[in-house]
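FYI, the numbering for the sequence shown is 30 to 168, going by my numbering.
Below is one structure; the comments refer to it alone.
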Amino acid sequence: MLPAPRDRWAECVWLPRIVGKARLFRAGTLPPEFAARFGVPNGVDSVFLQHFDLTREEIISAAAGTDEEVATWFLGRPGGTKDRIREWNHIAANLGKPGYSLETRLPIGLATTYAHVAHLKPDNVFTMLEADEGISAPP
């Protein structure tokens, strides 16, 4: 099971999840529905990678380390500053909302892959993913 979208390492949301995906990818056990979208240009992974000036390959390589080693590696990168992380956490909480990345992808996701949660009217990508995975969104 992957970490929840809002789980944090080094105070950064999504970091545990993308590393979790990378670990499963390395092991050849990432489910096909995740593997097909891992790091593609129109998903949360790519927005995360771009924000922190990372590549999919760097995350896959870093995922070989322990959780603590990954967090240390991440914080040691030029983009791993408190300000960049704070900025990302704000962006991440708003992905899919008007004016934010993935604004056009949220309605597509709700009409296709995540149609089964559309009746819940998630207003951002994280609440859509949480609804899909049965995770209660924070208030």
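We put the CB at the ideal spot given by N, CA and C, even for glycine.
Is DSSP giving residue i helix, strand or coil here?
i           : result
residue 102 : helix
residue 115 : helix
residue 35  : coil
residue 69  : coil
With a CB to CB cut of under 8 Å and the five nearest residues on each side skipped, what residues in its chain are close to residue i?
i          : result
residue 66 : 72, 74
Considering only the alpha carbon of each residue, which of the options lies closest to residue i?
i           : options           : result
residue 37  : 143, 97, 133      : 97
residue 69  : 86, 128, 94, 144  : 86
residue 63  : 95, 30, 94        : 30
residue 137 : 56, 154, 122, 128 : 154
Leaving out five residues on either side along the sequence, give the residues of the same chain with a beta carbon under 6 Å from the beta carbon of residue i.
i           : result
residue 114 : 40, 41
residue 91  : 99, 102
residue 158 : 34
residue 52  : 92
Excluding the 5 residues preceding and the 5 following residue i in the sequence, name in chain order all residues of the same chain whose CB lies nearer than 7 Å to its CB.
i           : result
residue 100 : 38, 39
residue 164 : 33
residue 84  : 78
With a Cβ-Cβ cutoff of 7 Å, do residue i and residue j count as a contact?
i           : j           : result
residue 77  : residue 120 : no
residue 177 : residue 117 : For the chain, the structure presents residues 30 to 168; residue 177 sits outside this window and is missing.
residue 124 : residue 131 : yes
residue 82  : residue 109 : no
residue 59  : residue 50  : yes
What's the call for residue i, buried or exposed, on a 16-neighbour Cβ count within 10 Å?
i           : result
residue 111 : exposed
residue 88  : buried
residue 133 : exposed
residue 144 : exposed
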